[in-house]
Structures are given as structure tokens and as C-alpha cells.
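In the order they appear, the protein sequences are chains A and B. Read the first sequence against our numbering and you will find it ends at 398, with the numbers running on by one and no gaps. Read the second sequence against our numbering and you will find it ends at 398, with the numbers running on by one and no gaps. In what follows, a structure is listed as C-alpha cells, so that the remarks can point back to it.
Protein chains: 2
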Amino acid sequence: MKRISMDESGAFIERFTLAPAVSGVLDGLTFAVKDLIDVAGYRTGCGNPDWRKQHPPATVNAVCVEQLLAAGAICSGKTITDEMAFSLLGENHFYGTPLNPRAPDRVPGGSSCGSASATACGLVDFALGTDTGGSVRIPASNCGIYGMRPTHGRISVAGVNPLSPSMDTVGILASSAQTLVRAMSVLLALPVSQPQKPDRVFIIREAFELCDPDVSETMKEPLELIREFFHNKVHEISMREIDQQSESGLLYDWYEIYRVMQRAESESCLGSWVAATNPEFGPLIDESFQLARNLDRNLIKANWELREKYYRLMNSFLGSKDLICIPTAPAYAPLKGSLIKRESSPGGYYARTLSLTSVAGVARLPQTSIPIETPDSPPIGISFIGRSDEDAFLLSVIGSLPGFSFQR
Amino acid sequence: MKRISMDESGAFIERFTLAPAVSGVLDGLTFAVKDLIDVAGYRTGCGNPDWRKQHPPATVNAVCVEQLLAAGAICSGKTITDEMAFSLLGENHFYGTPLNPRAPDRVPGGSSCGSASATACGLVDFALGTDTGGSVRIPASNCGIYGMRPTHGRISVAGVNPLSPSMDTVGILASSAQTLVRAMSVLLALPVSQPQKPDRVFIIREAFELCDPDVSETMKEPLELIREFFHNKVHEISMREIDQQSESGLLYDWYEIYRVMQRAESESCLGSWVAATNPEFGPLIDESFQLARNLDRNLIKANWELREKYYRLMNSFLGSKDLICIPTAPAYAPLKGSLIKRESSPGGYYARTLSLTSVAGVARLPQTSIPIETPDSPPIGISFIGRSDEDAFLLSVIGSLPGFSFQR
Chain A
-9 MKRISMDESG
1 AFIERFTLAP
11 AVSGVLDGLT
21 FAVKDLIDVA
31 GYRTGCGNPD
41 WRKQHPPATV
51 NAVCVEQLLA
61 AGAICSGKTI
71 TDEMAFSLLG
81 ENHFYGTPLN
91 PRAPDRVPGG
101 SSCGSASATA
111 CGLVDFALGT
121 DTGGSVRIPA
131 SNCGIYGMRP
141 THGRISVAGV
151 NPLSPSMDTV
161 GILASSAQTL
171 VRAMSVLLAL
181 PVSQPQKPDR
191 VFIIREAFEL
201 CDPDVSETMK
211 EPLELIREFF
221 HNKVHEISMR
231 EIDQQSESGL
241 LYDWYEIYRV
251 MQRAESESCL
261 GSWVAATNPE
271 FGPLIDESFQ
281 LARNLDRNLI
291 KANWELREKY
301 YRLMNSFLGS
311 KDLICIPTAP
321 AYAPLKGSLI
331 KRESSPGGYY
341 ARTLSLTSVA
351 GVARLPQTSI
361 PIETPDSPPI
371 GISFIGRSDE
381 DAFLLSVIGS
391 LPGFSFQR
Chain B
-9 MKRISMDESG
1 AFIERFTLAP
11 AVSGVLDGLT
21 FAVKDLIDVA
31 GYRTGCGNPD
41 WRKQHPPATV
51 NAVCVEQLLA
61 AGAICSGKTI
71 TDEMAFSLLG
81 ENHFYGTPLN
91 PRAPDRVPGG
101 SSCGSASATA
111 CGLVDFALGT
121 DTGGSVRIPA
131 SNCGIYGMRP
141 THGRISVAGV
151 NPLSPSMDTV
161 GILASSAQTL
171 VRAMSVLLAL
181 PVSQPQKPDR
191 VFIIREAFEL
201 CDPDVSETMK
211 EPLELIREFF
221 HNKVHEISMR
231 EIDQQSESGL
241 LYDWYEIYRV
251 MQRAESESCL
261 GSWVAATNPE
271 FGPLIDESFQ
281 LARNLDRNLI
291 KANWELREKY
301 YRLMNSFLGS
311 KDLICIPTAP
321 AYAPLKGSLI
331 KRESSPGGYY
341 ARTLSLTSVA
351 GVARLPQTSI
361 PIETPDSPPI
371 GISFIGRSDE
381 DAFLLSVIGS
391 LPGFSFQR
């Protein structure tokens, strides 16, 4: 592979080297930090120039950064994020679009776009991202790398700028399964785990039905491999078997809950800053803030009830050694500059993508995206979701999977 | 009981009435909101005049406030908090000490001091508080009312100023078990539950050994009642049966983890604001910020590992229908003005109190404090702690308990 320079990647907003004080299980590995996460002495810009100007430098490293440094990893700098962690595209109006090295005409995906780019370009071994509605998983899928969102609440978000606290998580983007497992195990404070096999793997029919035809085609081989590898543990099911009250079985219902909660909470986190200082945003992000501001807040209570219902449903359906398998994204990364306006139809890119990512977001579940490598198509990811709090089990399965690289 | 006016209570920092738009399960109930939580149009002062001045009014209600209003409850105003939610005393240097009506010479307890006072004074039916290290449970104990901290992450903290995100929770202070159950059920989006009985109730020996002699004496009757009520389900155990690797079995070990995490995270949340604006604090809070600033951050990784170990220990020890029983506090509320300096010895008020409250804080467990009413001593609470995510079960037991009122 051609070596890509930092400048070519456009992934970093600030470069520096923080050497670890001690040696540990991450010795020799380098990592980058999404610019939504504090590094002592630097401003956390959150992808927006006005935010950067108005907020003082962080006095200390975020807890997750301290954990990685204390495990021996070397920090290489801070990476571009979509403004305030909104957007799944990774096209920052002010700071540019980090390179997606495996599909240079396509977006890297957001909001952890710089972290995904830096990792995919081989500039770091792994990177810290955040994931509220897909911001680690989607760039991992787009850039052909590993990405994991943990169970909500299991990795400290202290020193991480909030977007929607009930769904915000710190996650990892990594170039290999082994690196992902090592870095996540540090953050989750997990003991070293043995390879494990699941009791059941549920392939969700409605999730695969959301895919573009070309993506469906690409998913066939990995699905075959999954069926071979897990053999008689694999069950193809409908969402209606999880939610027996649902008439539609549609994942779009999850997206609708996600949407209300994310708007309700992001307005709480960022609305008064916007109202008081009137910062400049790129057009798409401006629209996101308007949508949050205009939310009918009478919807909050009912949607919180639905959220908790779905959370309980998932945790009663899934056993501790069960996994769900879905596509990470329903489509290849969009071409750069192709999504100027957020379309709201159920068939649009945003709605279908968030229908997939909202399952883990709404139900607080851990999810890992695994890259599918084929010689003739852009990268795309396939995901395993575990039961809430079963991050260790999910990682032990991921660490023992053969991978999905198909050379012809 | 003599009627106490709003002015006499000193509980409120702002009074107003927000009528609910709809009717619901909380119809007719009034509630107050700790001034760490957003109400649209008002500044969230966090108990500190400089913070209040420097931050714009909230644009929207916090999610928890929306939920209560949408269930028909009436909001009566915002209540005094200890500065930035630090301190267990409830003596705000700038805004005064809200009245503890059942022990007027004693502190109400903090940091949800105004919420506890307003509830105990009968000015509202219940109040929103926040609890990181005891800030709902301790004022509930001191003021002779009910208080609950939920499982971490189950009630939205959007619109709530953070202190230590991995332990911050929104909780309720209430004048009766029934009101507590109703309000918590709305926030947790729980279906109405039937009364249930626990499989096992573990009375933790080391927790009761932390009590002052007079408190131990007061605990005797309620413990007898608990033994009668739950009969052969009650087991008196040592912490060593939960943590078999622990040599000491001391709850002080939990406090040490709590202390590192709380300082690490609060510096992330508030440190850069302090460094950039040099706000004025009361002496005790100033000391808290200094302690956070001076934390050796190399301790973070190891203490996060201990935290997760204790979390896993608790969740493997406790079944879903098991409860732990401990005193809420080891001592009656301190006399007003008696704790000028934070003492750091293991036998001091802060260390013993936080040793008890850190169990739920560190292990993310739900805890309810129940008032013990005796004619001849100040109020004190006894607590039940449930397994993580078993808030519904804990509430169903609390709702069916006879209460601990001893008239002689």
C-alpha cells in the first residue's frame, strides 16, 4: 500500500506526541484522539471554529486518554470531527473532509471522520472516537476498518463533549481486530479473555433488507462465512420475533425514537450556547440545530418510554452469549459532496443508516463493525451486537473470528 | 405539624409555577427542581454566583423535568444546591443553609439540600435531586424523607450539570414511599409494578459497624422489623463474602475508588472553567477543587479497573431479586457550622459517610433510603440497594414495606 502522509490524509487538526509515562499492554501502539475529547493543554474544538475560540484549553486529559497513556500507548494528536459530533458524513465545512484512503472519492463517514481516516491511512494503530448514533461504526464501515461502540455508560465520558448523554459513548477505531480488542479491553478494564463462541447468532432479516442491491451482493459471502463459522448457532429471524407487539418489524421505528431523544438531549447540551452566542455552522449542522430547537418536547416522555421498552425487550430476548448480526451501514459511503441536504424520507441514506445504528443506540448495546474487504467494491462493514454489558463476550468472539477478506 | 413558609425553609432559589400541559399519573403533585437541572428560561446557577452570572439561561427543560410535567406534575421552582454539587452538608456559602425542619440545628445534607428541605418542610410533594456520591441519599437521611438514586444511566442527565459523569444520577426526594414510587416510575419509564418480595436480603455487617453508637441504637428496631417482615430471607453477611479477595472487607476501599474517580472526572467537567475564570467559591468547595486539581492522574487507570471489578463482583453476587441493606448514613446530620474543614481520617464524618454511599456509586446500583422516625432522635435513613438495572424490583419492595415509624 502506498504510504499516505499526514497532510494527504487531512485527518488531524493538531499533531503532537504524548509519550506514555509507563509501559503496559498497549506498548508501541500509537493512537489519535477525536477533537471532541480533551487532551490537557489543548482546546477541544469540537469541529467548530467558534466553539474552539470561546472555550479554554482543557486542564487535564479525558479519563479515556489517561487510561490509554497509562497502558503504554503513544498519542499522536487530535483528529477532525464533524461539528459538535453531528452528521454521519465526515465533511467538515471548516476543516475539510479527511481522506477515505480505500475510496478517495467517497466520504470517510462521521462524526469520528479524522479518527477513522488516520487509522485507515495507517498513520496510527487506533483512534478514540465517540458514537451516539453511529459516529464510530459508520466511519469504520466506510473506511474498511474495525470500530466498536461499547455498552452505554461503561467507558467514562468525563472530558468528552456531550451531544446526547443517554446515548453518547466513547469507542475505538482500529486497523485490526487484535488492536481493537486490546484497546477496548483497557478502556473497559476487562481481564484478558479466552476466545468464546456464541450460543446463538441472530441474523436480522429487516436489517439486511435495508441494504442497497450492490451492498446486499457484497454481504452474501461474509454471511456464508458466518453461517459456516458458527454453524448451527445461526438463526435468521425477523424483528417481530424480538418485538412481538410490532406490526411492522421495521427498524425505522427505532430511528424515530433515536431522533426524538437525540434532538431533545442535544438541545439541552448545546442549545443555550447556540442561543447565547449565535455561532457560525456549516449548512447541514445548522439544519441539525434547527431540528433540535424545533422538536415538539411533548414527545419526550412517550419516546423515553418506548426507548426503555425496547431496551428491556432486547435484554430479555438476548442471552448473555447471544449476538445479533446486521449490516453496519445499508450503503457504501456516499460520494463526497453528494448529500447536501438531509433527506427525511424513510428510504434516504440517513434514515436507513440510522435505522441500523439506532438498535445499539436506543437499547444501550455494544456493537462491533468488522470490515468486509473485496477487490472490486468500496469498503463496507458487518456488525455484531451483544447483550447489554456483555462487551467482554462480544470482544472475545470478535478476537477469534477469521475476518472477511475476499481476494479474487 | 406547624406549617413552614417558603421563606422560613430557605430551600428555594427561585419560585415560579410551571403548570403541566397534560394530565397524567402525577396529577396534583408538586415538585421542586435542584438548581443543577435546567428549567427553560431560567439560569442554572449550580449554587455558585459566578457560574450563574457567566452562563446563559437554559433554552429548554431538562429531559427529567419534561417527563414529570408530561405526567401532570406541577413545578414550583428551583432549589438551592451545594456549589457545583460538591459537599454532603447543604451549607451553601452564598445562598445559606436550607432548613432541616425535623432537626433545625442540624444541616439538611447536600448537595440536594434545597430539594430535601422543600420536601421535608411540606412545600412540595417531591423534588428532583442529583446523586453522585450521596447527594440525594444523605439529605433524605438527614431530613427524614425518602430518597432514591437509580441505576446509573437509566434516567437522562441531559440538561443536568455534570460533576462526575460515570457516577452522576438524577434522583427523587419524596415525602412518602408512594410518591417516590410514582415519580421514579415516570422517570424510569416503568410499567406499574405489583408488590414483590426479595429472594434474599443481605445485611452488611461492616456497614452497620461504621455507625455512631447512638445511630446503631436507633437502627435496632428497624432491623428487627426487617427481619420480621422478610423473615427467613434475611442474611447477615460480611463484605468479604462478596469480595473474597478483600482482606479487610472494609467499605473504606470503596470510598478510595470513589474519591479518585470523582476527582478525576470533576476536574474534566469543571477544571477548565475554574482555570479560565477563577470563580469565587466557599472555603470547603475551594478545597474540593484543589483536591481534584492535585489528583495524581496516574491513579486513574488502576482505580477504574477496581471500579469495574467491584461492579462485576456486585452483579455476580446479587441476584435480580436480592437486596442489600445498609444504613444510609453512619451519623445523624452534623450540627450546622460544625464541619468547617474536610477531615480526611477514615473515622471522620465524610470518610465514613462516603464509605457507605460509594457502594451504589461505584457499582452503579440503585439505592433507596427510607426514613426512620423515632420521637427522641434526629432523623436517619436505612437503605436498600438492588442489583444493577433492578430499579423496578427495588421500587416494588419499597412500595410494599410497612415503614419505620416508632412512636413511644
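Every residue, glycine too, gets a C-beta built ideally from N, C-alpha and C.
Does any CB atom of chain A fall closer than 8 Å to the CB of residue i?
i	result
residue 221(B)	no
residue 168(B)	no
residue 268(B)	no
residue 23(B)	no
residue 259(B)	yes
residue 101(B)	no
Would a check of beta-carbon distances place residue i closer than 8 Å to chain B?
i	result
residue 404(A)	Coverage of chain A is limited to positions -9 through 398, which leaves residue 404(A) absent and any answer about it impossible.
residue 0(A)	no
residue 319(A)	no
residue 288(A)	yes
residue 225(A)	no
residue 83(A)	no
To the nearest whole angstrom, what separates the beta carbons of residue i and residue j, a pair I think is in contact under 8 Å?
i	j	result
residue 118(B)	residue 105(B)	6 Å
residue 100(A)	residue 129(A)	6 Å
residue 50(A)	residue 287(B)	6 Å
residue 364(B)	residue 208(B)	6 Å
What number of angstroms, rounded off, separates the C-alpha of residue i from the C-alpha of residue j?
i	j	result
residue 9(A)	residue 284(A)	45 Å
residue 143(B)	residue 47(A)	28 Å
residue 160(A)	residue 294(B)	15 Å
residue 290(B)	residue 53(A)	7 Å
residue -7(B)	residue -1(B)	10 Å
residue 77(A)	residue 225(B)	53 Å
residue 169(B)	residue 177(B)	12 Å
residue 246(A)	residue 281(A)	13 Å
residue 344(B)	residue 121(A)	33 Å
residue 215(B)	residue 221(B)	9 Å
residue 299(B)	residue 58(B)	35 Å
residue 193(B)	residue 346(B)	13 Å
residue 279(B)	residue 324(A)	47 Å
residue 103(A)	residue 336(A)	25 Å
residue 21(B)	residue 60(A)	45 Å
So what's residue i in DSSP terms, helix, strand or just coil?
i	result
residue 23(A)	strand
residue 305(A)	helix
residue 221(B)	helix
residue 340(B)	helix
residue 91(A)	coil
residue 7(A)	strand
residue 55(B)	helix
residue 379(A)	coil
residue 121(A)	strand
residue 68(A)	strand
residue 322(A)	coil
residue 82(A)	strand
residue 232(A)	coil
residue 198(B)	helix
residue 387(A)	helix
residue 157(A)	coil
residue 279(A)	helix
residue 250(B)	helix
If you measure between the beta carbons of residue i and residue j, is that distance less than 8 Å?
i	j	result
residue 156(A)	residue 255(A)	yes
residue 4(B)	residue 326(B)	no
residue 191(B)	residue 388(B)	no
residue 361(A)	residue 219(A)	no
residue 354(B)	residue 301(B)	yes
residue 385(A)	residue 74(A)	no
residue 205(B)	residue 316(B)	no
residue 79(B)	residue 97(B)	yes
residue 303(A)	residue 188(A)	no
residue 296(A)	residue 377(A)	no
residue 140(B)	residue 356(B)	yes
For chain E, find out if any of its Cβ atoms is closer than 8 Å to the Cβ of residue i; answer yes or no.
i	result
residue 47(B)	This model lacks chain E altogether; the protein chains it does include are A and B.
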